[in-house]
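Okay, structure first, notes after.
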Amino acid sequence: MRSAVGEREPVTGWEVRRPPQRGRTAGVSLAGFRDRGTGPVDLPVIPHPALTLVVEFGDGPLIVGDALGRQQRGSLVAGLAPVAMRMRGENIACVEVHLSPLVTHAVLGVRPAELARTVVALDDLWGRDAARIREQLGGAPSWEDRFALTDAFLARRRGTGPPVDPEVVRAWDRILVSRGRVRIEDLAAEVGWSRKRLWSRFRSQIGLPPKRAASLVRFRHAAQRLTAGASAAHVATECGYTDQSHLHREAVAFTGVTPSALAGDPGLATDDIAWAGREAGETR
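Structure (structure tokens):
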């Protein structure tokens, strides 16, 4: 039996939950994760076209580290397309939040460009509020309550912040709709800006240059196709990569592992169950 908050069938030792409906803040999506105690977790982090906020409340430490040896323990915020990272830990329980870069400043209080390609402790952004929401989630009796608490907390924190330029919104939407297969010259022409102006304003407000953002969106779609069982060669052709080697390089750059290793990794299947078809980056 499935619960009211979207309980999914067990996948590789994870309990994965989804809220029954969208929250009150546009551009924000939630999912819940709890490992089933089958042993230590060591998985690549799958990039998304959204900033990721993780509020942990489990018994064991959640550790995210990158290839350079940098580590972040506990609740965190990851910007768009950080260097390849792995998640490690045991007895992990957390609510994960995906934030469209269009609403990140309003919800987190910082611009996406300040978080791009890096990971920071949630305490550094929210101070005592971070400890407060962790305590509330740990004491909540159900996933439904945890999602409601998180949704209400994010709604209360949302400020005004400077608006994103309509041209940048349009360019971001085109990148998402095209699954990253759009020429930056065409984007600039569509919004009526020079390529240089689009690059500058887009990077400032989204956190990545448009070409890198398009690569991120394209790779996310490629990862979903790998999850569905498509071969790396087929995915490379379908998603617009120059060849299979091009997909290989992108996979290693984004996740630290090859497409074949990624396709067989339990983290990708778990991630896809939680987020497929409902990325925060796909909404305003």
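Under this note's numbering, the first residue of the sequence shown carries the number 5, and numbering increases by one thereafter. By construction, the Cβ of each residue, glycine as well, lies at the ideal position given by its N, Cα and C atoms.
In this structure, does DSSP put G165 in helix, strand or coil? Coil.
To the nearest angstrom, report how far apart R12 and L251 are at their CA atoms. Only weak support exists for where R12 lies, its pLDDT of 47 falling under 50; the value from the coordinates is given anyway. Whole-angstrom Cα-Cα distance: 30 angstroms.
If you draw a straight line from the C-alpha of F206 to the C-alpha of P167, how long is it? Separation of F206 and P167 (C-alpha to C-alpha, rounded to the nearest whole angstrom) is 13 angstroms.
Out of curiosity, what's the CA-to-CA distance linking G36 and H238? Roughly 32 angstroms between the two C-alpha positions.
Please work out which residues of its chain come closer than 6 angstroms, Cβ to Cβ, to G268, disregarding the five sequence neighbours upstream and downstream, and give them in chain order. Answer for G268: no residue qualifies.
Taking one C-beta from the segment 130-149 and one from the segment 47-61 each time, how about it: are there three or more such pairs within less than 8 angstroms? Result yes; three or more Cβ-Cβ pairs closer than 8 angstroms.
Quick check on Q75: buried or exposed, where buried means 16 or more other Cβ atoms within 10 Å of its Cβ? Exposure of Q75 is indicated by the presence of fewer than 16 other C-beta atoms within 10 angstroms of its C-beta.
Just to confirm the assignment, what range does the beta strand (DSSP E) spanning T108 have? Following the DSSP letters along the chain, one finds T108 in no beta strand (DSSP E) but inside the alpha helix (DSSP H) bounded by residues T108 to L112.
Coarse secondary structure for L72, derived from DSSP in three states: Note: L72 maps to coil in three-state DSSP.
CB L129 to CB L112, shorter than 8 angstroms? Yes, the pair counts as a contact, with Cβ atoms nearer than the cut-off.
Can at least three beta-carbon pairs, one atom from the segment 192-207 and one from the segment 172-179, be found at a separation below 8 angstroms? Inter-segment contact for the segment 192-207 and the segment 172-179 is present: three or more beta-carbon pairs are separated by less than 8 angstroms.
For P65 versus G93, is the C-beta distance shorter than 8 angstroms? Yes, the pair counts as a contact, with Cβ atoms nearer than the cut-off.
H250 beta carbon near the ligand FAD (any heavy atom closer than 7 angstroms): For the structure depicted, the ligand FAD is absent and the ligand set is empty, with no information on it obtainable.
Going straight from the alpha carbon of T29 to that of A159, what length do you get? The straight-line gap separating the alpha-carbon atoms of T29 and A159 is approximately 6 angstroms.
Distance, Cα to Cα, A97 vs S79? A97 and S79: Cα-Cα distance of roughly 11 angstroms.
Excluding the 5 residues flanking T287 on each side, which residues of the same chain have their C-beta closer than 7 angstroms to its C-beta? Legend: pLDDT at T287 = 44, less than 50; position of this residue unreliable, no value from coordinates given.
Leaving out the 5 sequence neighbours to the left and right, which residues in its chain are closer than 7 angstroms to D247 when beta-carbon positions are compared? These residues qualify, in order along the chain: A240.
In this structure, does DSSP put I67 in helix, strand or coil? Looking at I67 - three-state DSSP - the assignment turns out to be strand.
Taking only three categories from DSSP, how would you classify S7? With a pLDDT of 36 at S7, under the threshold of 50, the predicted position of this residue should be treated as unreliable, though the coordinate-derived value follows. It is coil, neither helix nor strand.
Bridge partners for H102 per DSSP, in chain order? Bridge partners of H102: S33 and T56.
Please give me, in chain order, every unbroken run of the alpha helix (DSSP H) with length at least 4 that falls completely inside the segment 180-243. Here the runs fully enclosed are 188-195, 199-210, 214-231 and 236-242.
Less than 8 angstroms separating the beta-carbons of T108 and P116? T108 places its beta carbon less than 8 angstroms from that of P116.
Given a threshold of 16 other Cβ atoms within 10 Å of its Cβ, counted over all protein chains shown, does D46 qualify as buried or as exposed? Under this definition D46 is an exposed residue.
Quick check on the DSSP output: the beta strand (DSSP E) that includes R92 runs from which residue to which? Where R92 is concerned, the enclosing beta strand (DSSP E) stretches over M89 to G93.
Apart from the five residues just before and just after V114, which ones in its own chain have a Cβ nearer than 8 angstroms to its Cβ? T108 and L129, listed in sequence order.
Anticipated Cβ contact below 8 angstroms, P289 with R90, distance rounded: Nothing can be reported for residue 289: it is not among the residues displayed for the chain, which extend from 5 to 288.
Boundaries of the beta strand (DSSP E) in which A85 is found, first to last residue: Where A85 is concerned, there is no enclosing beta strand (DSSP E), given that its DSSP letter is neither H nor E.
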